[in-house]
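Notes for the one structure printed next.
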Ligand SMILES: Cc1ncc(COP(=O)(O)O)c(C=O)c1O
Ligand SMILES: Cc1ncc(COP(=O)(O)O)c(C=O)c1O
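Right, here's the structure in full:
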């Protein structure tokens, strides 16, 4: 009963219940559609999750071909698959025990794949060294993060462990933290300035918990979920200086590193900036950086694999973490293979490169167009205001709700943005998340939706949202 | 640091370190072979794990074809795949959100698959009802078990939570229990009587911890790992009576239910026996039964999926468990698909049935032959004694070690059976597990090895083991 004595008594649980209200309503709507009830739409569009395939983005052919050949090695004989697909699959099968993806993998991942991941990181960071023994592959980055938190959080200490966590924040991290008995120390991203992370705010957040808990770590998400911000090098430098001064462990959730659409935005990793800063910082700041096969343009969420790279972590703590990973069997082999392909895609000259490049460009074009559309449509809609989405998978606009709508929501015992989303799914068949699930400043309201969809889906989403919003505002004004 | 303050100070950690010693030695041996060092063998046979593919058993074609087609739907067009393969893959893809195995699945599993699993259970148990809402799919049964334990174990109670656990026992359960701060209450299976579980022994074990801890559950493994016993209906009835009297939660690890080779042995599920016993038992005994895609003749360990079915569990506790499952994303979709095929294989009349049946029969014949060989060879070897292996994936014979060998091991600070296994891998290239990893009576020694291998591999294993054993006994006599 350990986990839930905690969760039972906290706010987040309440918010999750609100999500359940939405899910229930959606189920009802879908059932009615099935039974032939006439509505202004014929199907519900669900863009609650950062899940491109669910939203209609097609998987990358190269990834799927390699996976299928690994599963069913007869395909290795077929000349329907290009030679680099077959070579890749052969090499990966050799890396699996017994030459089968059906055998258990080592608990921290298949060594050949950790090796490829470390080569990818080194290349990404312009040569900063990366060592496979510091890379732990797991069934997704949620899992990696939970394991690292498990080592950092001491639920038995008289002063509870605290972790600085952004507002707004991707919900599962908060659930993990609370589940472990940690105190979530909120720091607010600055919406007006494009959701930037400001060190004075970190400072304020830290001061505010003096004597209340024992802060041990700072969690950052870059590119942001749901904020959509891509942090600048300067901002990262400041954060590193801050954690170094305050002796905090730095948890860098960088799962959206390949999802950057802003014209001037560029992803720079925490690890790279740390190396650039040189000693003593580069030798001392403890950093965990997370990445995932669920994200990027590949978006293989269902395969469940991610990795964490640890930097400057004390060897005894590394041993603890390794033991923790060893409590369970390794990540699914097929997820690991997807991770290998993600970090080591076809190169110019490879037979699969032209198709791979074409598919990647199509997705990129789609996302750039989507983001542009979202920005234009929402910012032209009275009552909406949306910061530029530079990266990640979500738009997180503010909505200004009419006081009467807020009143009505409160009467129904609901958060106003949940009320809005409930009506939206009912009336327009569009399922998105209310801002209260991610945290927001008092008396501000937001919605979040995934921008990784085909272009026509995004056109339809924005149409439904605009029409609904106009009607909603009218109704409550 | 929560988990490891526990594990750091317990015996099991020491045993795991012994495993590390073995793994290190094996790595050394393999490296030497690669460098051309001449040894009496050319490769190491690793039968430490219950992992049929690693040991050379081939995957089932139907399973792999369906999986490959789900991953790479172009294959659905190919007439190289039989029509039932394509139909199955189509149906399963429709059950995935967005029609892709790359989308996140619901946290307790894809509903259509839970439905199929419950139909399988109902059929297996001769019509005892099974409800999909009581079935939770997860990334493997280790994970399911850890989640259920998490709900049962209260690490903050003044009297620690205890769980009755067999000796010998599959190691990861013990690691999970200890990691959660539970007390492992050992009950000894009766080796002389074929590793049977005796209620008087449960009684003794329970008495022995009076005032020391608060026993809340009984964990049983049937068919046994590593014992190889298949429990009789009568034995199961007695266990159910016992847990009912003592108000214990019953954790039935039934992952080897399809692996039964004994001529007279038959798997009967705890749930079925519970239903047969009728009220009040059938309405009150709280039961969790575990199964896994890793086991059976399919053996897809690398895909990571299993399920737990809950019976008579209090709705509030069910809610806790569901919340716990919801903390992480669902099981890998491909593992779930393997689970669907495992519980819903081709039927007579289906185009894929003939090949499926042939492959299943080949594996069965192999295992029956292996088990017979193991029994005959080991029981004719001086110093060995092996109970019949009726089911599961392992043989767990006793070895009588010469006193001088025991002496030598102790001088080296090692368990005697670890010492034996170390010498075995070094001298004969055979990697197996020492009994001390699973628990055994004082001054008794065992070894464990997987019996799911091709027949010629088993012949080779027994040859290496016999030759080595004869030399080893001579050396130390
Ligand atoms: C910021 C962030 N981190 C981690 C995750 C989890 O990813 P995974 O599927 O690897 O567990 C997500 C998923 O939405 C995310 O948005
Ligand atoms: C008795 C028993 N239970 C559970 C498991 C774990 O299986 P899974 O791969 O589903 O986690 C094993 C694996 O060897 C086992 O032997």
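Protein chains in written order, with full-length UniProt numbering: chain D, 1 to 477; chain B, 1 to 477.
Note that CB positions come from ideal geometry on N, CA and C, so glycine has one too.
How about residue i: is its Cβ closer than 7 angstroms to a heavy atom in ligand 2?
i             : result
residue 113/B : no
residue 301/B : yes
residue 255/B : yes
residue 440/B : no
residue 221/B : yes
residue 329/D : yes
residue 466/B : no
residue 142/B : yes
residue 344/D : no
residue 292/B : yes
residue 306/B : yes
Can you tell me where the beta strand (DSSP E) with residue i in it begins and where it stops?
i             : result
residue 217/D : 214–221
residue 149/D : No beta strand (DSSP E) contains residue 149/D, which is instead part of the alpha helix (DSSP H) from 141–152.
residue 482/B : In this structure chain B extends from 1 to 477, so residue 482/B is not present and cannot be described.
residue 165/D : 161–167
residue 184/B : 183–188
Return yes when at least one heavy atom of ligand 1 lies under 7 angstroms from the C-beta of residue i, else no.
i             : result
residue 170/D : yes
residue 231/D : no
residue 337/D : no
residue 478/B : In this structure chain B extends from 1 to 477, so residue 478/B is not present and cannot be described.
residue 179/D : no
residue 176/D : no
residue 225/D : yes
residue 50/D  : yes
Starting from residue i, trace the alpha helix (DSSP H) both ways and give me its first and last residue.
i             : result
residue 256/B : Run containing residue 256/B: none; DSSP gives neither H nor E here.
residue 174/B : 171–179
residue 354/D : 353–380
residue 243/B : 233–246
residue 202/B : 199–208
residue 403/D : 403–411
With 16 other CB atoms within 10 Å as the buried threshold, where does residue i fall?
i             : result
residue 197/D : buried
residue 211/B : exposed
residue 94/D  : exposed
residue 20/B  : exposed
residue 84/B  : buried
residue 50/B  : buried
residue 126/B : exposed
residue 446/D : buried
residue 319/D : exposed
residue 443/D : exposed
residue 191/D : buried
residue 205/B : buried
residue 370/B : buried
- request: Let me know the alpha helix (DSSP H) ranges lying completely inside the region 266–351 of chain D, each 4 residues or longer, listed in chain order.
  value: 270–277, 281–284, 315–326 and 333–343
field: At least three beta-carbon pairs within less than 8 angstroms, the region 325–334 of chain D to the region 98–106 of chain D
entry: yes
message: So within the region 422–470 of chain D, which uninterrupted beta strand (DSSP E) runs reach at least 3 residues, ignoring any that extend past its ends?
response: 445–450
- prompt: Going along the chain, which unbroken runs of the beta strand (DSSP E) with 3 or more residues stay wholly within the region 55–141 of chain D?
  reply: 135–138
- prompt: Using 8 angstroms as the Cβ pair cut-off and three pairs as the minimum, do the region 26–44 of chain B and the region 422–433 of chain B touch?
  reply: yes
- request: Determine contact between the region 60–73 of chain D and the region 67–82 of chain B, defined as no fewer than three beta-carbon pairs at a distance below 8 angstroms.
  value: yes
query: Is the region 358–374 of chain D touching the region 432–444 of chain D, taking contact as three or more C-beta pairs under 8 angstroms?
result: no
query: Looking at C-beta atoms only, is the number of pairs between the region 277–295 of chain B and the region 305–321 of chain D that lie closer than 8 angstroms three or more?
result: no
query: Taking three-plus beta-carbon pairs below 8 angstroms as touching, is the region 287–294 of chain B in contact with the region 246–256 of chain B?
result: yes
- prompt: Is there contact between the region 130–145 of chain B and the region 110–121 of chain B, where contact requires at least three CB pairs shorter than 8 angstroms?
  reply: yes
At least three beta-carbon pairs within less than 8 angstroms, the region 460–473 of chain D to the region 378–386 of chain D: yes
field: contact_flag[the region 332–350 of chain D, the region 170–180 of chain D] where n(CB pairs < 8 angstroms) is 3 or more
entry: no
task: Inspect the CB distances between the region 259–268 of chain B and the region 349–361 of chain B and report whether three or more fall short of 8 angstroms.
output: no
query: Three or more C-beta pairs closer than 8 angstroms, one from the region 227–242 of chain B and one from the region 176–188 of chain B: is that the case here?
result: no
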